[in-house]
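Below is one structure, written out as C-alpha cells; comments come after it.
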C-alpha cells in the first residue's frame, strides 16, 4: 500500500489478493508492521537486482538503513561476504551484528577503502544513498561486477548531466530495483519472521507510535536520523 497499490492510511481496507501474504507469528504488531516493505526491498535487490550468489562480495552503501541492515542479514545467510558503510563509527557494532564482515566509514569517497579490502573491487554493490554516491560506488566495483540502484536516502534521485560513457566505470554493470509485493515470496517472509523470533535476525525499529502520534512520526521521518523504522500502530 502507498506505492504499487494506492493508499496508506485507513482503519479498514480492501486490497487485491496479490498484495496479501499469509504468515503466522507471535511477534508484536509494531515489529510485524516494520518488516514487509523493508524485507521485500532487500530480498528483491539481492535476487532480481543483483542475482547474488554464495561466495561473492557485496558492498551495501547505506548500511545502517533498515533495508541496508536487512540486506546484510539476508546476504550473509546466502553465503556472501558483506561490506557495509556508515558515516558514524559508533554504528559499527550494529553493522557487524547484522552480518557485515567489514565496516567502511563513508566520507563520500570510499572506493579506495573498499579496494583495500577487496583489491579487485567487490562483485556486487547495492546503492541505497542515491545519486551523490553512485559514481563512487561504481568505482568500488570490479570489472563485470554489478551495481543495483535501489535507494535514495540522500533524497537526490537524478544524476545531473548523465553521460554514460564518461560517468560509468567501463565494464561495470548498472541496474536498478523498485519492485512490488509480488517480489516477496511468502516463505521468505515467514523465514525472516521466524528468525527474528529466534534472535537470528533483527528488525531495526526506532520507535512505535499510537495514531495520535502520527504528526510527530512524520516530523522525525522528514528530519532523518531516526536510526530505524518508525511504525504507527492502530
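Numbering (the working numbering), first residue to last: 86 to 319.
Glycine included, each C-beta is placed from N, C-alpha and C at the ideal position.
Owing to the predicted nature of the structure, the values given are computational and were not obtained by experimental measurement.
1) Within the chosen definition, does the stretch 159-173 reach the stretch 230-239 through at least 3 CB pairs nearer than 8 Å?
2) What are the partner residues of residue 61, as DSSP defines its beta bridges?
3) Exposed or buried, what is residue 299 when buried is set at 16 or more other beta-carbons lying within 10 Å of its beta-carbon?
4) Does the beta-carbon of residue 109 have 16 or more other beta-carbons within 10 angstroms, so that it is buried, or is it exposed?
5) Using C-beta distances below 7 Å, list every residue in its chain close to residue 167, excluding the 5 sequence neighbours before and after it, in chain order.
6) Would DSSP call residue 290 helix, strand or coil?
7) Between the C-alpha atoms of residue 308 and residue 291, what's the straight-line distance to the nearest angstrom?
8) In the DSSP output, what is residue 295 paired with across the bridge?
9) Between residue 152 and residue 123, how many whole angstroms is the CB-CB distance? I'm expecting something under 8 Å.
10) Can you tell me where the beta strand (DSSP E) with residue 155 in it begins and where it stops?
11) Please confirm whether residue 135 and residue 209 have their CB atoms less than 9 Å apart.
12) Among all the DSSP beta bridges, which residues are the ones paired with residue 262?
13) Does DSSP classify residue 110 as helix, strand or coil?
14) With DSSP as the reference, identify every bridge partner of residue 210, one or two as the case may be.
15) If you drop the 5 nearest sequence neighbours on each side, which residues of the same chain put their C-beta closer than 7 Å to that of residue 286?
16) Along the chain, where does the beta strand (DSSP E) containing residue 190 start, and where does it finish?
17) Return the chain-ordered list of same chain residues with a C-beta closer than 7 Å to the C-beta of residue 196, the five sequence neighbours on each side being excluded.
18) Taking all protein chains shown into account, do 16 or more other C-beta atoms lie within 10 angstroms of the C-beta of residue 96, making it buried, or fewer, making it exposed?
Put simply:
1) Verdict: no, contact absent.
2) The displayed coordinates of the chain run from 86 to 319. Any statement about residue 61 would go beyond what the structure contains.
3) Burial call: exposed.
4) Around the CB of residue 109, fewer than 16 other CB atoms lie within 10 Å, so the residue is classed as exposed.
5) Cβ neighbours of residue 167 within its own chain (closer than 7 Å, five residues either side excluded): 143, 145, 157, 160, 161, 184, 185 and 186.
6) Three-state DSSP puts residue 290 in a strand.
7) Answer to the nearest angstrom: the Cα atoms are 14 Å apart.
8) Answer by DSSP bridge pairing, in chain order: 318.
9) Residue 152 to residue 123, Cβ: 6 Å. Contact.
10) Not the beta strand (DSSP E): residue 155 falls in the alpha helix (DSSP H), residues 151-162.
11) Their beta carbons are under 9 Å apart, which means residue 135 touches residue 209 by this criterion.
12) In DSSP, residue 262 forms no bridge with anything.
13) Correct three-state label for residue 110: coil.
14) Assignment of beta-bridge partners to residue 210 by DSSP yields 144 and 232.
15) Take residue 286, set aside five residues on each side of it, and the residues of its chain with a beta-carbon closer than 7 Å to its own are 158, 277 and 280, in chain order.
16) Per DSSP, residue 190 belongs to the beta strand (DSSP E) from 187-190.
17) 221, 224 and 225, listed in sequence order.
18) Exposed, by the Cβ-count rule.
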